[in-house]
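Enquirer:
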Amino acid sequence: MDRRQFLRKGFLFSALGSLYASTIGKIPLFASRSNSLQAGNYDLVAVRGGEPVDLYRRAMDEMGGMGLYVKPGQTVVIKPNSSWDTPPERAANTNPDLVEAIVRDCVEAGASRVLAFDNTCDNWERSYDNSGVAEAVRRGGGQMLHAHLERYYTDVNISGAKRLTSAKVFDRLINSDVFINVPVLKHHGSTTVTIAMKNLMGVVWDRGYWHRNDLHQCIADFCLYRKPDLNIIDAYLVMTQNGPRGTSEADLTRMRSIIVSSDIVAADAAGALMLGHQPADIGHIRIASEMNLGRMNLDNLNIRRVAL
Amino acid sequence: MKLSNLRRIRIAVSLFLFLSMLFLFLATGRGILDPVANVLLHLQLLPSLLSFFALFFSITTLGFVLIILLTLVFGRVYCSSICPLGTFQDIMIAFSRLFKSRKNRRFNYTSNRKRLLRYGVLAATLIFWISGSLFLINLLDPYSNFGKISVSLFKPAYIWITNSAAFLLEGLDIFLISPRSMHTLPFDVILVSGIVFLVISIMAVWRGRLFCNTLCPAGSILGLLSLKPLYRIVFNEKECTFCRKCEWVCKAECLNSRTHEVDYSRCINCFNCFSACPNEGLQYKPVFALNKTEVKQPLEGKASPDEKRQFMLTLVTGMLSIPLISKLARSRPVHTDQPGMVPIENQKVVTPPGSLSHDHFTSNCIACYLCVSACPTKVIVPSFFDYGLAGFMQPKLDYHKNFCNFDCVRCTEVCPTGAITKQSEEEKKLIKIGDVRFLAESCIVTVNRTDCGACSEHCPTKAVQMVPYEDGLFIPEVYPEICVGCGACEYACPTTPFKAIYVTGLPVHQEAVPIEDADGPREDDADDFPF
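Read top to bottom, the protein sequences are chains A and B.
Numbering-wise (our numbering), the first sequence opens with residue 6 and increments by one.
Numbering-wise (our numbering), the second sequence opens with residue 368 and increments by one.
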């Protein structure tokens with residue numbers, strides 16, 4: 006395709022696209038870019054009573070399989086939590102076995118590339134290594150990306166945001182087809198809980214801005230830019246106090262659970278309830294719900310609960 | 368073995384050791400030559416001496432004994448082969464020769480041995496040291512200067528090159544090389560390193576190993592020890608044709624080809640003379656195998672007892688001034704002032720974990736910046752006068768740059784002088800290097816009335832906890848007894864321009880109260896989902 010052809014086609018497609026958007030409305034054009042709830046069998050799947058990988062396999066089966074979210078040839082970006090220089094048994098980071106299983110699933114679903122990254126809080130190299138996440142991504146057949154330099158981030162505008170009107174977002178996320186969010190369920194000193202929405206603080210360069218400008222509002226605002234296509238919450242070992250870093254294994258409770266949902270607000274609401282909090286009491290969950298970013302009231306949702 | 372081979376061996380050995388040292392400073396912990404460099408670290412004269420005094424009779428501190436023995440037997444091979452700054456000078460000399468005419472390349476014997484300067488500087492250095500200030504050692508020691516130059520000048524170039532390669536490969540989806548953040552040191556430190564770099568280079572290009580035989584304290588100490596080495600370079604009267612070729616290549620300017628005298632105190636055993644000699648005019652022999660007539664030293668050199676006497680005299684007169692210098696060296700108080708919207712007053716400087724106390728640190732650190740280079744978070748930064756004259760240019764922890772990683776003991780592993788003593792991870796987690804202070808009146812939560820908690824989030828011991836405040840908000844509360852002073856709170860605090868939470872250094876490190884580590888994870892007693 007030469008340049009003229011490219012321009013012509015590009016123009017044609019964008020014209021068609023805007024026509025489509027203005028007439029049919031907000032129904033997503035491509036399944037991969039969507040959050041569409043009809044993609045899976047359920048709005049939310051929660052599985053308990055097993056080991057991390059078994060929990061995940063069952064939950065994904067109930068959701069309809071990874072093939073619903075990842076199409077052959079697509080680029081998948083996974084955002085685990087690997088922010089802390091702590092070993093897997095401290096559960097400050099996402100369980101590496103879970104990460105490995107997800108990466109492998111994406112590869113098997115035909116993804117052309119499976120990439121993972123985290124803009125860590127502790128030293129990036131030590132966090133990547135000691136969390137076991139980088140090695141897990143490699144074992145699963147994916148690539149853990151460097152994310153510790155500002156050059157990997159690009160400024161984006163977030164329209165409709167109240168406070169976070171722009172942010173420097175990780176390049177490879179911007180250019181990805183599928184975005185899978187894999188947080189670990191934890192207590193958090195200032196935001197009370199840290200689950201799926203809070204995990205997205207690790208995809209931007211400047212977290213300090215969020216802290217300075219109404220943290221809860223910024224966390225909700227970011228979902229206006231891009232919501233993950235899938236949220237997989239690791240609730241196997243759950244930090245119920247001293248979060249988000251924890252000081253010892255005594256901070257943990259073995260809940261042996263997993264929550265999977267395409268609705269990031271519903272996923273966070275379920276997680277908050279597991280930690281004993283009403284979703285409406287958590288600032289960013291309440292705000293996100295008010296902004297119609299998802300549903301925090303789980304009563305009307307089609308939820309599949311499984312005990313292994 | 369042919370004596371002319373000695374020079375080739377010296378060049379090979381010195382280049383190999385130089386490169387291992389260089390890569391130790393450029394890519395600490397990643398270099399393939401690191402095992403070599405780690406041995407070499409113990410064979411640096413002044414660091415080894417310092418660590419002997421810092422750590423007492425540990426076997427790893429005895430490198431200097433080996434150097435002394437080596438010098439007594441063979442002369443100053445340390446200066447020609449082991450000292451990285453020595454090889455650096457040789458490289459500069461070799462480089463400058465490319466631009467010099469044949470005649471200008473020549474060195475000439477000089478009878479002016481600059482003894483007053485040489486031993487005066489050595490005496491002053493020792494006096495400063497004894498009085499508790501490493502000021503002159505940190506300014507003059509060759510190992511320290513090599514480190515300073517490597518970390519502040521060569522390392523940025525090294526990072527730039529490796530990063531360019533890394534970014535190029537990343538563009539092709541190859542992630543072999545990890546790019547590094549550009550590691551630039553404070554401007555004043557770069558300036559001093561730059562000046563040192565220039566002065567030593569110019570001296571080398573101009574007069575060979577002039578630095579080693581005038582200003583270098585290690586060179587002067589070894590010079591005294593090599594006044595009468597066991598193995599000596601002597602002229603073979605029968606073979607020498609007085610062609611002067613040996614003298615022209617003598618970097619130490621210590622070989623008199625006319626009178627056949629060799630000043631062993633200045634000779635650094637580069638063995639250039641052997642290669643230059645077209646005949647067998649020079650020999651390398653143990654002193655007992657020589658005839659009386661063969662032993663020749665410069666006229667002044669014969670008065671070696673005189674030399675010692677002069678040295679002792681300078682030393683003793685200097686000693687008398689210790690109280691004065693001592694006072695001068697300590698005159699500047701140890702603290703860094705930070706202005707602020709809510710001014711942070713009397714924030715004391717923080718020394719690396721394992722450095723025991725400000726006193727221990729400042730009186731043992733040679734400012735080689737190996738810890739600065741090795742630190743994974745780059746929180747260790749050279750200071751300038753933060754410790755006063757006593758600790759000129761020694762490193763400190765700068766929590767505006769980063770914070771000290773809780774589980775990391777890298778700096779304690781690399782320090783060659785014992786200024787930072789070796790610590791296990793478990794020991795280090797209880798070392799309290801500073802104390803947390805919270806300024807509620809400049810905190811986001813009280814001023815903006817929104818949640819923040821970045822400090823508590825990063826705190827590894829939960830010495831900063833978020834407690835309920837007004838309107839359902841949470842505000843930091845500090846528990847200094849479990850604070851280790853890592854600075855994570857100060858670094859993470861997002862207030863600008865000044866921080867609302869900070870760490871003030873402890874002049875004597877303490878032990879933090881250990882975190883209660885109960886039986887591990889609890890079992891969940893719920894039997895269904897709460898939704």
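Each residue gets a CB set at the ideal place from its N, CA and C atoms; glycine is no exception.
Note that the structure is a prediction, hence the values are computed from the model and not measured.
Taking 9 Å as the CB-CB limit, is SER253 of chain A close to chain B?
Expert: Counted from its first residue, the first sequence places residue 253 of chain A at position 248. At least one CB of chain B lies nearer than 9 Å to the CB of SER253 of chain A.
Enquirer: Helix, strand or coil for ARG168 of chain A, going by three-state DSSP, please let me know.
Expert: As a first step, residue 168 of chain A must be located in the first sequence, where it is residue number 163. Here ARG168 of chain A sits in coil by DSSP.
Enquirer: Just curious, the alpha helix (DSSP H) that ASN204 of chain A is in, first and last residue?
Expert: On the first sequence, position 199 is the one that residue 204 of chain A refers to. DSSP places ASN204 of chain A inside the alpha helix (DSSP H), whose first and last residues are 201 to 204.
Enquirer: Would the beta-carbon of THR438 of chain B fall within 9 Å of that of SER381 of chain B?
Expert: Here the question's residue 438 of chain B lines up with position 71 in the second sequence. Here the question's residue 381 of chain B lines up with position 14 in the second sequence. Result no, Cβ atoms of THR438 of chain B and SER381 of chain B do not sit closer than 9 Å.
Enquirer: If you draw a straight line from the alpha carbon of GLU883 of chain B to that of SER181 of chain A, how long is it in whole angstroms?
Expert: In the second sequence, residue 883 of chain B corresponds to position 516, counting from 1. In the first sequence, residue 181 of chain A corresponds to position 176, counting from 1. Approximately 44 Å between the Cα atoms of the pair.
Enquirer: Rounded to the nearest angstrom, how far is the Cβ of TYR230 of chain A from that of VAL174 of chain A, given a contact under 8 Å?
Expert: Taking the first residue of the first sequence as 1, we reach residue 230 of chain A at position 225. Taking the first residue of the first sequence as 1, we reach residue 174 of chain A at position 169. About 7 Å separates the beta carbons of TYR230 of chain A and VAL174 of chain A, which is inside the 8 Å limit, making them a contact pair.
Enquirer: On the three-pair Cβ rule with 8 Å, is the segment 92 to 108 of chain A touching the segment 124 to 140 of chain A?
Expert: In short, these stretches touch, since the Cβ pair count reaches three.
Enquirer: For ASN623 of chain B and TYR631 of chain B, I'd like the C-alpha separation in whole angstroms.
Expert: Taking the second sequence and counting its residues from 1, the one referred to as residue 623 of chain B is at position 256. Taking the second sequence and counting its residues from 1, the one referred to as residue 631 of chain B is at position 264. Between ASN623 of chain B and TYR631 of chain B, the C-alpha separation is close to 12 Å.
Enquirer: Under 9 Å, Cβ to Cβ, is there at least one residue of chain C near ILE811 of chain B?
Expert: The chain labelled as chain C is not found among the protein chains of the depicted structure, namely A and B.
Enquirer: Could you check the C-alpha separation between LEU552 of chain B and ASP765 of chain B for me, to the nearest Å?
Expert: Here residue 552 of chain B is taken as the residue at index 185 of the second sequence, counted from 1. Here residue 765 of chain B is taken as the residue at index 398 of the second sequence, counted from 1. Taking the straight line joining both Cα atoms gives about 12 Å.
Enquirer: How many Å lie between ILE460 of chain B and SER724 of chain B at the Cα?
Expert: If you number the second sequence from 1, residue 460 of chain B lands on position 93. If you number the second sequence from 1, residue 724 of chain B lands on position 357. Straight through space, the alpha carbons of SER724 of chain B and ILE460 of chain B are spaced by roughly 42 Å.
Enquirer: So, helix, strand or coil for TYR846 of chain B, using DSSP?
Expert: As a first step, residue 846 of chain B is located in the second sequence; it is residue number 479 there, counting from the start. It is coil, neither helix nor strand.
Enquirer: In chain A, which residues lie with their C-beta within 9 Å of the C-beta of GLY820 of chain B?
Expert: As a working mapping, residue 820 of chain B is identified with position 453 in the second sequence. Here the neighbours are HIS193, GLY194, SER195, THR196, HIS216 and LEU220.
Enquirer: Pull up the CB-CB distance for LEU536 of chain B and LEU543 of chain B, whole angstroms please, since I reckon it's below 8 Å.
Expert: Along the second sequence, one-based indexing puts residue 536 of chain B at 169. Along the second sequence, one-based indexing puts residue 543 of chain B at 176. Rounded, the Cβ-Cβ distance is 6 Å, consistent with contact.
Enquirer: Measure the C-alpha to C-alpha separation of ALA880 of chain B and LYS829 of chain B and round it to an integer number of angstroms.
Expert: Here residue 880 of chain B is taken as the residue at index 513 of the second sequence, counted from 1. Here residue 829 of chain B is taken as the residue at index 462 of the second sequence, counted from 1. Before going further, note that residue 880 of chain B is Val rather than Ala in the sequence given. Cα-Cα distance, rounded: 12 Å.
Enquirer: By the criterion of Cβ-Cβ separation under 8 Å, what are the contact partners of ARG259 of chain A in chain B?
Expert: Locating residue 259 of chain A in the first sequence gives position 254, counting from the first residue. Simply PRO888, ARG889, GLU890 and ASP891.
Enquirer: Is there at least one Cβ from chain B nearer than 9 Å to GLU130 of chain A's Cβ?
Expert: Counting from 1 along the first sequence, the entry for residue 130 of chain A is found at position 125. By the rule that beta-carbons nearer than 9 Å mark a contact, GLU130 of chain A touches chain B.
Enquirer: Any chance you could list the alpha helix (DSSP H) runs of at least 4 consecutive residues sitting entirely within the segment 779 to 855 of chain B, in chain order?
Expert: 792 to 795, 811 to 814 and 821 to 825
Enquirer: In whole angstroms, what separates the C-alpha of MET570 of chain B from that of PHE578 of chain B?
Expert: Within the second sequence, residue 570 of chain B is the residue found at index 203, counting from 1. Within the second sequence, residue 578 of chain B is the residue found at index 211, counting from 1. Rounded to the nearest angstrom, the two C-alpha atoms are 6 Å apart.
Enquirer: Between ILE882 of chain B and chain A, is the shortest Cβ-Cβ distance under 9 Å, so that the two count as touching?
Expert: Position 515 of the second sequence, counted from the start, is the residue given in the question as residue 882 of chain B. Yes, ILE882 of chain B counts as interfacial toward chain A.
Enquirer: In the DSSP assignment, find the alpha helix (DSSP H) that holds GLY375 of chain B and state where it starts and stops.
Expert: On the second sequence, position 8 is the one that residue 375 of chain B refers to. Gly is not the amino acid found at residue 375 of chain B; the sequence shown has Arg there. It spans 372 to 393 - the alpha helix (DSSP H) in which ARG375 of chain B sits, taken as one unbroken run.
Enquirer: Within 10 angstroms of the Cβ of ARG599 of chain B, are there 16 or more other Cβ atoms? Answer buried if so, exposed if not.
Expert: Within the second sequence, residue 599 of chain B is the residue found at index 232, counting from 1. Buried, because 16 or more other Cβ atoms sit within 10 Å of the Cβ of ARG599 of chain B.
Enquirer: Within its chain, find whatever has a CB closer than 6 Å to the CB of ASN40 of chain A; leave out the 5 residues flanking it on each side and keep chain order.
Expert: Here the question's residue 40 of chain A lines up with position 35 in the first sequence. Low per-residue confidence applies at ASN40 of chain A: pLDDT is 41, beneath 50, and the placement is therefore not dependable, though the value from the model is reported in the following sentence. Here the set comprises LYS232 and SER267.
Enquirer: Do you know how far the Cα of ARG547 of chain B is from the Cα of LEU507 of chain B?
Expert: Along the second sequence, read from residue 1 onward, the residue named residue 507 of chain B stands at position 140. Along the second sequence, read from residue 1 onward, the residue named residue 547 of chain B stands at position 180. One alpha carbon belongs to LEU507 of chain B, the other to ARG547 of chain B, and they sit about 30 Å apart.
Enquirer: State the start and end residues of the unbroken alpha helix (DSSP H) segment that holds ALA96 of chain A.
Expert: Position 91 of the first sequence, counting from 1, holds the residue named residue 96 of chain A. Neither: ALA96 of chain A is in no alpha helix (DSSP H) and is coded neither H nor E.
Enquirer: Is it buried or exposed for GLY668 of chain B, if we count other Cβ within 10 angstroms and need 16 for buried?
Expert: Sequence index remark: in the second sequence, residue 668 of chain B carries index 301 (1-based). Confidence at GLY668 of chain B is low in this model, with a pLDDT of 44, below 50, so its placement is unreliable and no value can be given for it.
Enquirer: Where does SER195 of chain A sit, in a helix, a strand or coil, going by DSSP?
Expert: Start at 1 with the first residue of the first sequence, and residue 195 of chain A comes out as number 190. SER195 of chain A: coil per DSSP, three-state reduction.
Enquirer: Do you know how far the Cα of ILE711 of chain B is from the Cα of VAL739 of chain B?
Expert: Along the second sequence, one-based indexing puts residue 739 of chain B at 372. Along the second sequence, one-based indexing puts residue 711 of chain B at 344. For VAL739 of chain B and ILE711 of chain B, the distance between alpha carbons rounds to 26 Å.
Enquirer: In three-state terms, what does DSSP make of GLN761 of chain B?
Expert: Start at 1 with the first residue of the second sequence, and residue 761 of chain B comes out as number 394. Of the three classes helix, strand and coil, the one that applies to GLN761 of chain B here is coil, per DSSP.
Enquirer: Could you give the first and the last residue of the continuous alpha helix (DSSP H) run that contains VAL776 of chain B?
Expert: Position 409 of the second sequence, counted from the start, is the residue given in the question as residue 776 of chain B. First-last for VAL776 of chain B: undefined, no H or E at that position.
Enquirer: Let me know the secondary structure DSSP gives ARG259 of chain A once reduced to three states.
Expert: Position 254 of the first sequence, counted from the start, is the residue given in the question as residue 259 of chain A. Of the three classes helix, strand and coil, the one that applies to ARG259 of chain A here is strand, per DSSP.
Enquirer: Buried or exposed for TRP129 of chain A, please, with buried defined as at least 16 other CB atoms from any protein chain shown within 10 angstroms of its CB.
Expert: Taking the first residue of the first sequence as position 1, residue 129 of chain A is located at position 124. Buried is the call here.
Enquirer: Measure the beta-carbon distance from LEU590 of chain B to ARG633 of chain B and round it to whole angstroms, keeping in mind my assumption that it falls under 8 Å.
Expert: Sequence index remark: in the second sequence, residue 590 of chain B carries index 223 (1-based). Sequence index remark: in the second sequence, residue 633 of chain B carries index 266 (1-based). At residue 590 of chain B the sequence reads Gly, which differs from the Leu that was named. So it is a contact: roughly 7 Å between Cβ atoms.
Enquirer: Whose Cβ in chain B lies nearer than 7 Å to the Cβ of GLY288 of chain A?
Expert: Translated into the one-based positions of the first sequence, residue 288 of chain A becomes position 283. Within 7 Å Cβ-Cβ: ASP818.
Enquirer: Mark GLY78 of chain A as exposed unless 16 or more other C-beta atoms lie within 10 angstroms of its C-beta, in which case mark it buried.
Expert: The residue you call residue 78 of chain A lines up with position 73 of the first sequence. With fewer than 16 Cβ atoms within 10 Å of its Cβ, GLY78 of chain A is classed as exposed.
Enquirer: Per DSSP, which residues does GLU890 of chain B bridge with? Please list them.
Expert: The residue you call residue 890 of chain B lines up with position 523 of the second sequence. Answer is A:ARG259, bridged to GLU890 of chain B.
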